[in-house]
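Everything on this sheet refers to the single structure shown next.
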Amino acid sequence: MIDLASPYRFCVAPMMDWTDRHDRYFLRRISRSARLYTQMITAGAILHGDRRRLLDFDASEHPLAVQVGGSDARALADCARIAEDWGYDEINLNVGCPSDRVQSGTFGACLMRDPARVADCIDAMRRAVAIPVTVKCRIGVDDQQPHEILPGFIDTVAAAGCAVFIIHARKAWLSGLSPAENRTVPPLDYPLVHAMKRRRPDLVIVLNGGLATLGDAAGHLGLVDGVMMGRAAYRTPWVLADVDRLFFHPSAPVPNRWEVADAMSRYAERRMAEGTPLKAIARHLTGLFQGLPGARSWRRALSEEVRGPDVTADLISRAALMVSRRVEPVS
Numbered sequence: 006m007i008d009l010a011s012p013y014r015f016c017v018a019p020m021m022d023w024t025d026r027h028d029r030y031f032l033r034r035i036s037r038s039a040r041l042y043t044q045m046i047t048a049g050a051i052l053h054g055d056r057r058r059l060l061d062f063d064a065s066e067h068p069l070a071v072q073v074g075g076s077d078a079r080a081l082a083d084c085a086r087i088a089e090d091w092g093y094d095e096i097n098l099n100v101g102c103p104s105d106r107v108q109s110g111t112f113g114a115c116l117m118r119d120p121a122r123v124a125d126c127i128d129a130m131r132r133a134v135a136i137p138v139t140v141k142c143r144i145g146v147d148d149q150q151p152h153e154i155l156p157g158f159i160d161t162v163a164a165a166g167c168a169v170f171i172i173h174a175r176k177a178w179l180s181g182l183s184p185a186e187n188r189t190v191p192p193l194d195y196p197l198v199h200a201m202k203r204r205r206p207d208l209v210i211v212l213n214g215g216l217a218t219l220g221d222a223a224g225h226l227g228l229v230d231g232v233m234m235g236r237a238a239y240r241t242p243w244v245l246a247d248v249d250r251l252f253f254h255p256s257a258p259v260p261n262r263w264e265v266a267d268a269m270s271r272y273a274e275r276r277m278a279e280g281t282p283l284k285a286i287a288r289h290l291t292g293l294f295q296g297l298p299g300a301r302s303w304r305r306a307l308s309e310e311v312r313g314p315d316v317t318a319d320l321i322s323r324a325a326l327m328v329s330r331r332v333e334p335v336s
């Protein structure tokens, strides 16, 4: 059984175009303890792009990891130094994304075929920083046999100093399936991830893939060190409301949806003063009141009224008033 204080006990997955700084600030209003991850940022973007836009975050987002995509050890070491100086708690290397873009750049899931290269990257990053350097991977790609290749992949990368492996319990098909299909079509193999923990009890093994409820997630604890939830945490964010109490601190208070909406209204006012359009923030909030009377009006306001020329941040608080408080479920 794992330590209740494990920082990896419950994580929210890095998700392209979804887990930007506005979404992470929102999710942190719901769970104070879940470990959050940025969407993947390529090494080239960090080295040559607008770092403030890419890397800035609110201090309340901790514990927070940055996920980096790349395969050049020297470039990744430079990125790790930048991320550590920026204040991140962890550098996570993407060895799981199956998109054409990452394949053309020789990173992401295709690196499952080259564990020695992944090990070189991990070694370079670890030598550059003091914060943890971790890997998020698949169980294999294409015609690889996961039971045959995953143990060796983990051993090789662990020998370079990686102590934390977040394993998406599906293969990735680099041809024949779209990135969206790769998140759902390949079958899940949870027992294989459990077996990796039994085989390497010295490592932190976090299970990712297909977790839709906290009950689903909690059922894996004790078999692995932690769980990572992705799409369910984004589409129905209130699923995170019991995370602190169930996974970290039994006496943790359960948040209030309307207080979260008010906090996001105040946050949006600050961001809008800096030039951020309200729709860039509001798009992440539509699932907050999922299942409650008035939720449709909330969604309509945040997807349609938000586009008005004179819209102000208090739209979020006003829209929340359209949702009934009388049937808020008791946790």
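Everything in the sequence shown is counted per my numbering, starting at 6 for the first residue and increasing by one.
From the three backbone atoms N, C-alpha and C, an ideal C-beta is built for every residue, glycine too.
Quick caveat: nothing in here was measured; it's all calculated off a predicted structure.
The count of Cβ pairs closer than 8 Å, one atom from the region 115 to 122 and one from the region 52 to 72, stays below three, leaving the stretches out of contact. Annotated as distal: Pro-258 and Ile-35, with beta-carbon spacing of 9 Å or more.
Within the DSSP secondary-structure output, Asn-187 pairs in no beta bridge. Leu-197 is positioned such that its CB atom lies no closer than 9 Å to that of Ala-223. The beta carbons of Ile-154 and Gly-166 sit no closer together than 9 Å. Look at the region 193 to 222 and you find these whole runs of alpha helix (DSSP H), each 4 residues long or longer: 195 to 204. In the DSSP secondary-structure assignment, His-173 is bridged to Asn-213. DSSP places Met-234 in no alpha helix (DSSP H) but in the uninterrupted beta strand (DSSP E) bounded by 231 to 234.
For Val-311, no alpha helix (DSSP H) encloses it, and the DSSP letter there is neither H nor E. Annotation for Trp-263: Ala-325 place their beta carbon closer than 6 Å to its own, counting only its chain and skipping 5 residues before and after. If only complete runs of 4 or more residues are kept, the region 83 to 168 shows the alpha helix (DSSP H) at 105 to 109, 120 to 133 and 151 to 164, in order along the chain. For Val-73, the enclosing beta strand (DSSP E) stretches over residues 69 to 74. With fewer than 16 other Cβ atoms from the protein chains shown falling within 10 Å of its own Cβ, Gly-157 counts as exposed. A contact between stretches requires three or more CB pairs, one per stretch, nearer than 8 Å, and the region 45 to 59 meets this requirement with the region 77 to 94. The alpha carbon of Asp-25 has as its nearest neighbour, out of Pro-12, Leu-59, Thr-47 and Ala-39, the alpha carbon of Leu-59. Check the Cα spacing between Cys-126 and each of Pro-151, Tyr-42, Asp-148 and Asn-99: the tightest is with Asn-99. Secondary-structure assignment with DSSP links Ile-46 through a beta bridge to Val-73. Contact check for Met-234 against Ile-171 fails: the beta carbons are separated by 9 Å or more. For Ser-256 and Ala-217, the gap between their C-alpha atoms comes out near 24 Å.
Arg-143 and Glu-309 have their C-alpha atoms spaced approximately 38 Å apart. Val-248 counts as buried, since at least 16 other C-beta atoms from the protein chains shown sit within 10 angstroms of its C-beta. Closest by C-alpha distance to Phe-62, out of Val-316, Val-229 and Gln-44, is Gln-44. For Val-229, the CB contacts under 7 Å within the same chain, skipping 5 residues up- and downstream, are Val-198, His-199, Lys-202, Ile-210, Val-211 and Leu-212 in chain order.
Remark: C-beta atoms of Ser-329 and Gly-299 approach each other more closely than 9 Å.
Taking the C-beta atoms as reference points, Leu-245 is found no nearer than 9 Å to Ala-266. In this structure Val-190 is exposed. Its beta-carbon is surrounded by fewer than 16 other beta-carbon atoms within 10 angstroms.
Within the same chain, Cβ atoms closer than 6 Å to the Cβ of Glu-89 are found at Val-134 and Ile-136, the five residues on either side in sequence being excluded.
Rounded to whole angstroms, the gap between the alpha carbons of Ala-285 and Ile-96 is 26 Å.
In the DSSP assignment, Val-244 falls outside any alpha helix (DSSP H) and carries neither an H nor an E.
Collapsing the DSSP output to three states places Leu-326 in coil. The Cβ-Cβ distance between Pro-103 and Leu-179 falls below 9 Å. Counting along the chain, the unbroken beta strand (DSSP E) around Phe-15 starts and ends at 15 to 17. Exclusion of the five residues before and after His-173 leaves Gly-101, Lys-141, Cys-142, Arg-143, Ile-144, Asn-213 and Gly-214 as the residues of its chain whose Cβ lies within less than 8 Å of its Cβ.
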